[in-house]
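Read through the structure below, which is laid out as structure tokens, and then see the notes.
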């Protein structure tokens, strides 16, 4: 083999090896023309934390300084009362594409989903959109649970499930799912998660490749990911705190602050706001940018809290990850 021919052969082989690491959907002619990058924040809890506006402003300012395709907040954002208009205005000050996911606490104090949707300016409780060759689906995990059931709603109802099946059938693009409640942790996650996962897995089976790449959620205020039947399930930590409940409540701030924010003593706040930026790139990776903070002490160990399960740690950070999404 001539030297120049051999060099061309090696170069072409290397290029082919790179291409083969990318999921088949990216090779179908419908794949992304460029990387997709978006900012994500979840569980700010404006109605619980005293500095929610400052935390959200940090995220929006950071987002403005980057070239993003969109930003998204994944719920437990704020209830639709007039006092929260300034908080919402901070999010809306980002002039690019913005998306919302409904959380269970966004209807606290007797508000309805319809009121929250109108206040935020959402197009619907659940919907989808395409961005640079990726299909994004926003779910509403707050449908009423079938009786008997107590507590916050955490369910995907029949109408939404039917819509989800049709929506996935109607796209040839790789898919990312957003939901407030997780689809993999039975303790507080979407109650009929196994049925929802079955819909996602059936979409992959029908497509013949991992069409649904990942499901992103908040709600648990933790930092964790797992992979179930070729789909990643990724929990993004709260922007603000971890909830510890009455047994470990403690007042860390001024009396005036705690009088105004009565649930604050039930939390361990993070000193700095947590949020992340996610890139889906042509090399077949979903990359999550890390974000570090520390607890506003005392922390869980100092408070004598027991060790948490591996899938629900109490930590003041978002771990950076490069998750391979090739087949």
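Numbering (the numbering used here), first residue to last: 15 to 341.
Beta carbons are placed, not taken as given, at the ideal position from N, Cα and C, and that holds for glycine.
query	result
In terms of DSSP beta bridges, what is residue 228 paired with?	190 and 246
Mind checking whether residue 247 and residue 197 have CB atoms under 8 Å apart?	yes
Classify residue 256 as helix, strand or coil using the three-state DSSP reduction.	strand
According to DSSP, simplified to helix, strand and coil, what is residue 181?	helix
Closest to residue 74 by CA distance: which of 334, 337, 201 and 289 is it?	289
Output the boundary residues of the alpha helix (DSSP H) element that contains residue 93.	No alpha helix (DSSP H) contains residue 93, which DSSP labels as neither H nor E.
Do the segment 57 to 69 and the segment 207 to 227 touch if we need at least three Cβ pairs shorter than 8 Å?	no
Enumerate in chain order the residues of its own chain whose CB-to-CB distance from residue 159 is below 8 Å, with the five nearest sequence positions on each side excluded.	167, 168, 169 and 205
Measure the alpha-carbon distance for residue 66 versus residue 140 and round it to whole angstroms.	25 Å
What are the start and end residues of the alpha helix (DSSP H) that includes residue 301?	Looking at the DSSP string, residue 301 is not in any alpha helix (DSSP H); the run it does join, the beta strand (DSSP E), is 299 to 302.
Is it buried or exposed, residue 7, if we count other Cβ atoms within 10 angstroms and call 16 or more buried?	This structure gives no information on residue 7, because the portion of the chain shown stretches from 15 to 341.
Mark residue 100 as exposed unless 16 or more other C-beta atoms lie within 10 angstroms of its C-beta, in which case mark it buried.	exposed
Using 10 angstroms around the beta-carbon of residue 291, count the other beta-carbons present and answer buried if the total reaches 16, otherwise exposed.	buried
Mind the definition here: the segment 266 to 275 touches the segment 100 to 110 only if three or more C-beta pairs lie below 8 Å; say whether that holds.	no
Pull up the distance between the alpha-carbon of residue 15 and that of residue 147, whole angstroms please.	Note that residue 15 scores 44 on pLDDT, short of 50, meaning its location in the model is unreliable; the coordinates nonetheless yield the value given after this. If I take the Cα positions, the gap works out to 40 Å.
Compare the beta carbon distance of residue 84 and residue 111 with 8 Å and say whether it is the shorter of the two.	yes
So which of 302, 306, 331 and 281 has the shortest CA-CA distance to residue 319?	281
Can you tell me where the beta strand (DSSP E) holding residue 144 begins and where it ends?	141 to 145
Would you mind working out which of 287, 269, 97 and 335 sits nearest residue 72, comparing C-alpha positions?	287
Cβ of residue 195 within 8 Å of Cβ of residue 155?	yes
Count the C-beta pairs between the segment 114 to 133 and the segment 82 to 98 that are closer than 8 Å, then say yes if the count reaches three, no if not.	yes
Can you tell me whether residue 232 is buried or exposed? The criterion is at least 16 other CB atoms within 10 Å of its CB, across all chains shown.	buried
So within the segment 199 to 227, which uninterrupted alpha helix (DSSP H) runs reach at least 4 residues, ignoring any that extend past its ends?	207 to 221
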